[in-house]
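*Asks:*
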Amino acid sequence: MTRPDQMQAPSLPELTTFPGEVVHADPSRPPILSAEHITVRFGGVTAVKDISLAVRPGEILGLIGPNGAGKTTLFNALTGFVRPSEGRVIFAGRDVTRVEPQIRARMGLARTFQVERPFEDLSVLENVLVAAFLKHRGRAAEDQAYAVLERVGLADRAAQPASQLNLARRRRLEMAKALALEPRVLFLDESIAGLNPPAQQEMVAMIRGLAQSGIGIVMVEHIMHVIMSLSDHVICMAFGELLAEGKPQDVAAHPDVIRAYLGDDND
Ligand SMILES: Nc1ncnc2c1ncn2[C@@H]1O[C@H](COP(=O)(O)OP(=O)(O)OP(=O)(O)O)[C@@H](O)[C@H]1O
């Protein structure tokens with residue numbers, strides 16, 4: 001019989017980090033991405049109001065807030081899918097506020113989508129190649145695509161049509177497409193919600209590995225214990241405004257944050 005101390009922990013997919021320096025979030029490093037006083041208005045609605053943030057290489061920034069808080073709009077303003085009404089987005093020392101999303105992606109600012117949308121008829125490899133071709137040509141793009149599939153644990157599915165993947169693997173494919181752009185900052189839009197606990201654990205380990213390889217990560221996630229355990233820094237929004245920010249445990253204990261999530265006795 002196997003004694004408890006001989007039992008093996010459930011195995012997670014091997015994470016091969018890209019070659020290069022292993023960088024942990026270091027507050028003395030300059031930010032790779034910063035946003036200054038971002039405001040986004042849609043007609044009469046102010047979806048985001050005067051939000052500033054910074055992301056350093058290897059840092060994980062978590063964005064939280066109740067439904068309608070403005071997280072997605074801020075995310076879209078940072079990645080270029082929405083034009084801010086006020087404020088600036090600085091990436092790698094350049095003002096990218098007015099740069100189109102696909103150009104930002106090629107510059108190294110990549111994102112996943114909440115509803116993953118692969119080309120269903122293409123194979124897993126072909127889906128990643130579409131992204132890899134934005135950075136490389138010919139054989140180099142193929143090598144890059146394979147390396148990324150290894151990294152997310154989908155190499156053995158390379159030839160399979162994307163339509164045949166289950167949800168957890170579709171999420172990893174979404175991640176692979178973003179990684180094929182060799183991002184310096186990766187935006188993850190609810191990559192973990194909806195997955196079963198083992199798949200959640202795998203995704204958490206993968207995101208940690210990506211940050212440790214030096215990628216700055218901004219994530220929106222509704223599963224509180226996941227975002228609180230992964231993030232180096234958390235920003236909580238409500239009604240478009242900054243409610244609290246800081247270390248995860250401090251934000252989680254902040255009375256305004258608790259009130260925003262649980263409601264007032266008077267509500
Ligand atoms: N394109 C748009 N046109 C008009 N109003 C919008 C638009 N996009 C978002 N809004 C409004 O902006 C506010 C913030 O929405 P947003 O989707 O950014 O919040 P969220 O925090 O991402 O919410 P959720 O957690 O539910 O996804 C909401 O009041 C929403 O109705």
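No gaps in the numbering here: position 150 of the sequence shown is 150 in UniProt numbering, and each next residue is one more. Beta carbons are placed, not taken as given, at the ideal position from N, Cα and C, and that holds for glycine.
In this structure, does DSSP put I258 in helix, strand or coil?
*Replies:* Position 258 of the sequence shown, counted from the first residue, corresponds to residue 258. Note: I258 maps to helix in three-state DSSP.
*Asks:* Could you check which residue in G153, R88, A47 and R171 has the C-alpha nearest to that of T112?
*Replies:* On the sequence shown, position 112 is the one that residue 112 refers to. Closest by alpha carbon: R171.
*Asks:* With DSSP collapsed to three states, give me the class of V23.
*Replies:* Translated into positions along the sequence shown, residue 23 becomes position 23. Unreliable positioning characterises V23 in this predicted model, as indicated by a pLDDT of 45, which lies under 50. The coordinate reading is nonetheless provided below. If DSSP states are grouped into helix, strand and coil, V23 belongs with coil.
*Asks:* I'd like to check one pair, L109 with V148: are the Cβ atoms closer than 7 angstroms?
*Replies:* Sequence index remark: in the sequence shown, residue 148 carries index 148 (1-based). Sequence index remark: in the sequence shown, residue 109 carries index 109 (1-based). No, the pair does not count as a contact, with Cβ atoms beyond the cut-off.
*Asks:* From V128, V82, I227 and V96, pick the residue whose C-alpha is nearest to that of A155; which is it?
*Replies:* As a working note, residue 155 is residue 155 in the sequence shown. It is V128.
*Asks:* Quick check on DSSP: helix, strand or coil for H37?
*Replies:* Walking along the sequence shown from the start, residue 37 turns up at place 37. Residue state, collapsed to three classes: strand.
*Asks:* Could you round the C-beta distance between M175 and S191 to whole angstroms and report it? I think they count as a contact, below 8 angstroms.
*Replies:* Indexing the sequence shown from 1 puts residue 175 at position 175. Indexing the sequence shown from 1 puts residue 191 at position 191. Going by Cβ atoms, the distance from M175 to S191 rounds to 7 angstroms, so yes, they are a contact pair.
*Asks:* For M237 and V251, what's the separation of their Cα atoms in angstroms?
*Replies:* The residue given as residue 237 occupies position 237 in the sequence shown. The residue given as residue 251 occupies position 251 in the sequence shown. Straight-line Cα distance between these residues: approximately 11 angstroms.
*Asks:* Measuring straight from C-alpha to C-alpha, what distance separates E36 and G87?
*Replies:* Within the sequence shown, the letter at position 36 stands for residue 36. Within the sequence shown, the letter at position 87 stands for residue 87. Computed Cα separation, rounded: 5 angstroms.
*Asks:* In the structure shown, what three-state DSSP assignment does K135 receive?
*Replies:* In the sequence shown, the residue the question calls residue 135 occupies position 135. Correct three-state label for K135: coil.
*Asks:* Alpha carbon to alpha carbon, how far is V209 from I51?
*Replies:* Here residue 209 refers to the residue found at position 209 of the sequence shown. Here residue 51 refers to the residue found at position 51 of the sequence shown. The sequence shown places Gly at residue 209, rather than the Val named in the question. Between G209 and I51, the C-alpha separation is close to 28 angstroms.
*Asks:* Rounded to the nearest angstrom, what separates V234 and Y146 at their Cα positions?
*Replies:* Your numbering for residue 234 matches position 234 in the sequence shown. Your numbering for residue 146 matches position 146 in the sequence shown. Roughly 33 angstroms separates the two Cα atoms.
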